[in-house]
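**Student:** One rule links them: number in the working numbering = place in the sequence shown (from 1) + 3.
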Amino acid sequence: MKFTRTPKGMAFSSEANKADQSVLFGVRPCDAHSFALLDKLFDQEKYQDAYYVAKRQNTTVIAMACVKPPYASCFCTSVDGEPVGSEGADILLTDIGGDYLAEFITSKGEKLAQYFGDAKADAAADAKKAEIAAKAKEAIQSRIPAHEVKPILDVNFDNPFWNTIHGKCLACGTCTYMCPTCHCFDISDEVKGADGIRLRSWDSCMFPLFTKETSGHNPRPSQKERWRQRAMHKFKYYVDNFNAIACVGCGRCVMSCPVNIDIRKVVEDISKL
């Protein structure tokens, strides 16, 4: 949105919301799963985010199955995902050894079918894919009780446990920026002279300024409250609102945290409260 200060007051204008056609190629199933989770928030019946919806509708997601799970920190099977899963994808490609099996999941995916040639998968290819999917699922060694912690979180908002997590957190925000489902944002007005523009920019709930109010009050004054919010949002609030866990088990936050805070251990510890 743009605005201009005039003698009669502020004049506002907005450009038509346009999104170019695009293709995301090689998306991992956990990342494709994140789109399905974000749809629940940004493309729901009561509220639609026009910018998100436009980009989502104009983006075709081609996922690449994790025939061999890439990281030891992967735990997608604990949060309703699969290494050879198709949720959130328009096309799923699976390496079945020498060839790729292409599955066209949505109408957007089917529109690209013409570019994949005329070869049809036979029963042997389907059987090979099923075998690969089963082995890939078994290869996920890291498991957490993600579905068990929601009722525990319901009654432990003020538990002293929250004092034990944040001690070494640097508030760098790496965990949130690596996360496919974290979607916090800030809105700011950039002004030059009489003209200005309103922008939406990526933000993080791990930052001290994220919840700081104009008065100076901050309802989440320390990393304790911010870490509690992160855990509560993913494993309680999103479940309350959308009946889905807001974590896809990609394990990137585990690998990227410079002080080795592990969300898997956090969930394990919560399950023991």
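Cβ atoms here follow ideal geometry from the backbone N, Cα and C, with glycine treated the same way. Note that this is a predicted model, so its numbers are computed, not measured.
Could you check which residue in Thr179, Phe160 and Val262 has the C-alpha nearest to that of Val251?
**Tutor:** Along the sequence shown, read from residue 1 onward, the residue named residue 251 stands at position 248. For the residues Thr179, Phe160 and Val262, the minimum Cα distance to Val251 belongs to Thr179.
**Student:** Going by C-alpha to C-alpha distance, which of Gln60, Val270 and Gly29 sits closest to Leu156?
**Tutor:** Walking along the sequence shown from the start, residue 156 turns up at place 153. Measuring from the Cα of Leu156, the nearest candidate turns out to be Val270.
**Student:** Which whole runs of the alpha helix (DSSP H) in the stretch 110 to 160 are 4 residues long or more, in chain order?
**Tutor:** Runs of the alpha helix (DSSP H) inside the stretch 110 to 160: 110 to 114, 126 to 142 and 153 to 157.
**Student:** Quick one, which of Ser17, Ser16 and Pro183 has its alpha-carbon nearest Lys237's?
**Tutor:** As a working note, residue 237 is residue 234 in the sequence shown. For the residues Ser17, Ser16 and Pro183, the minimum Cα distance to Lys237 belongs to Pro183.
**Student:** Taking only three categories from DSSP, how would you classify Gly170?
**Tutor:** For this step, residue 170 is matched to residue 167 along the sequence shown. If DSSP states are grouped into helix, strand and coil, Gly170 belongs with the helices.
**Student:** Under a Cβ-count criterion, where at least 16 other Cβ atoms within 10 Å of its own Cβ denotes burial, should Gln226 be classed as buried or exposed?
**Tutor:** Against the sequence shown, residue 226 aligns to sequence position 223. Burial call: buried.
**Student:** Tell me which residues share the same chain as Ile65 and place their Cβ nearer than 6 Å to its Cβ, disregarding the 5 neighbours each side in the sequence.
**Tutor:** As a first step, residue 65 must be located in the sequence shown, where it is residue number 62. Excluding positions up to five away in sequence, the list reads Phe28 and Ile94.
**Student:** Just to confirm, are Ser259 and Met181 a CB contact at a threshold of 8 Å?
**Tutor:** The residue you call residue 259 lines up with position 256 of the sequence shown. The residue you call residue 181 lines up with position 178 of the sequence shown. In contact: Ser259 and Met181 (Cβ atoms closer than 8 Å).
**Student:** Name the two residues that bound the continuous beta strand (DSSP E) containing Val30.
**Tutor:** In the sequence shown, counting from the first residue as 1, residue 30 sits at position 27. Taken as a continuous stretch (DSSP letters only), the beta strand (DSSP E) holding Val30 covers Ser25 to Val30.
**Student:** Go to Ala57, then tell me how far its beta strand (DSSP E) extends in each direction, as first and last residue.
**Tutor:** As a position in the sequence shown, residue 57 is number 54, starting the count at 1. Segment Ala53 to Gln60 is the alpha helix (DSSP H) holding Ala57; no beta strand (DSSP E) there.
**Student:** Mind checking whether Pro32 and Val87 have CB atoms under 8 Å apart?
**Tutor:** Within the sequence shown, residue 32 is the residue found at index 29, counting from 1. Within the sequence shown, residue 87 is the residue found at index 84, counting from 1. Yes, they are a contact pair.
**Student:** Taking the alpha carbon of Gln60 as the point to measure from, which residue in Ala122, Ala136, Ala92 and Thr9 has its own alpha carbon closest?
**Tutor:** The residue given as residue 60 occupies position 57 in the sequence shown. For Gln60, the nearest C-alpha among the options comes from Ala92.
**Student:** Determine contact between the stretch 31 to 46 and the stretch 182 to 198, defined as no fewer than three beta-carbon pairs at a distance below 8 Å.
**Tutor:** Touching, per the Cβ criterion.
**Student:** Between Ile266, Cys253, Arg267 and Thr109, which has its C-alpha nearest Tyr74's C-alpha?
**Tutor:** Stepping through the sequence shown from its first residue, residue 74 is reached at position 71. Ranking Ile266, Cys253, Arg267 and Thr109 by Cα distance to Tyr74 puts Cys253 first.
**Student:** Between the alpha carbons of Val257 and Phe107, how many angstroms are there, rounded?
**Tutor:** Here residue 257 is taken as the residue at index 254 of the sequence shown, counted from 1. Here residue 107 is taken as the residue at index 104 of the sequence shown, counted from 1. So the two alpha carbons sit approximately 32 Å from each other.
**Student:** Terminal residues of the continuous alpha helix (DSSP H) containing Ser191?
**Tutor:** As a position in the sequence shown, residue 191 is number 188, starting the count at 1. Unbroken run through Ser191 is the beta strand (DSSP E), Phe188 to Lys195; no alpha helix (DSSP H).
**Student:** Looking at the unbroken beta strand (DSSP E) that takes in Lys275, where does it start and where does it end?
**Tutor:** For this step, residue 275 is matched to residue 272 along the sequence shown. From DSSP, Lys275 is part of no beta strand (DSSP E); its letter is neither H nor E.
**Student:** Around the Cβ of Lys49, are there at least 16 other Cβ atoms within 10 angstroms (buried) or fewer (exposed)?
**Tutor:** Position 46 of the sequence shown, counting from 1, holds the residue named residue 49. Lys49 comes out exposed.
**Student:** Quick check on the DSSP output: the alpha helix (DSSP H) that includes Phe245 runs from which residue to which?
**Tutor:** In the sequence shown, counting from the first residue as 1, residue 245 sits at position 242. Looking at the DSSP string, the run of the alpha helix (DSSP H) that includes Phe245 is Tyr241 to Phe245.
**Student:** Look at the Cβ atom of Ser191, then the Cβ atom of Ser207, and state whether they are nearer than 8 Å.
**Tutor:** As a first step, residue 191 is located in the sequence shown; it is residue number 188 there, counting from the start. As a first step, residue 207 is located in the sequence shown; it is residue number 204 there, counting from the start. No, the Cβ-Cβ distance between Ser191 and Ser207 is not below 8 Å.
**Student:** What is the C-beta distance between Ala68 and Leu96, in whole angstroms, given that I count them as a contact (C-beta under 8 Å)?
**Tutor:** The sequence position of residue 68 within the sequence shown is 65, counting from 1. The sequence position of residue 96 within the sequence shown is 93, counting from 1. Indeed, because the Cβ distance is near 7 Å, the residues count as touching under 8 Å.
**Student:** Using a Cβ-Cβ cut-off of 7 Å (strictly less than) and excluding sequence neighbours within five positions of Thr214, which residues of its own chain qualify?
**Tutor:** Along the sequence shown, one-based indexing puts residue 214 at 211. Same-chain partners within the cutoff: Asn221, Pro222 and Arg223.
**Student:** Which residues does DSSP pair with Ile200 in a beta bridge?
**Tutor:** Walking along the sequence shown from the start, residue 200 turns up at place 197. Its beta-bridge partners are Lys5 and Glu193.
**Student:** Report, in whole angstroms, the separation of the C-beta atoms of Asp198 and Thr7, which I expect to be a contact under 8 Å.
**Tutor:** Taking the sequence shown and counting its residues from 1, the one referred to as residue 198 is at position 195. Taking the sequence shown and counting its residues from 1, the one referred to as residue 7 is at position 4. The pair is a contact, with the Cβ atoms about 5 Å apart (cut-off 8 Å).
**Student:** So, under 8 Å CB-CB, Ile310 and Ile143 are touching, yes? Tell me the CB distance rounded to an integer number of Å.
**Tutor:** Residue coverage of the chain in this structure runs from 4 to 276, which leaves residue 310 outside it and unanswerable.
**Student:** Out of Val152, Pro163, Gly176 and Leu212, which has the shortest C-alpha to C-alpha gap to Lys268?
**Tutor:** For this step, residue 268 is matched to residue 265 along the sequence shown. Answer by Cα proximity: Val152.
**Student:** Determine the direct distance from the alpha carbon of Met209 to that of Leu173, and round the result to whole angstroms.
**Tutor:** To locate residue 173, count along the sequence shown from 1; it is residue 170. To locate residue 209, count along the sequence shown from 1; it is residue 206. Going by the C-alpha atoms only, they are around 9 Å apart.
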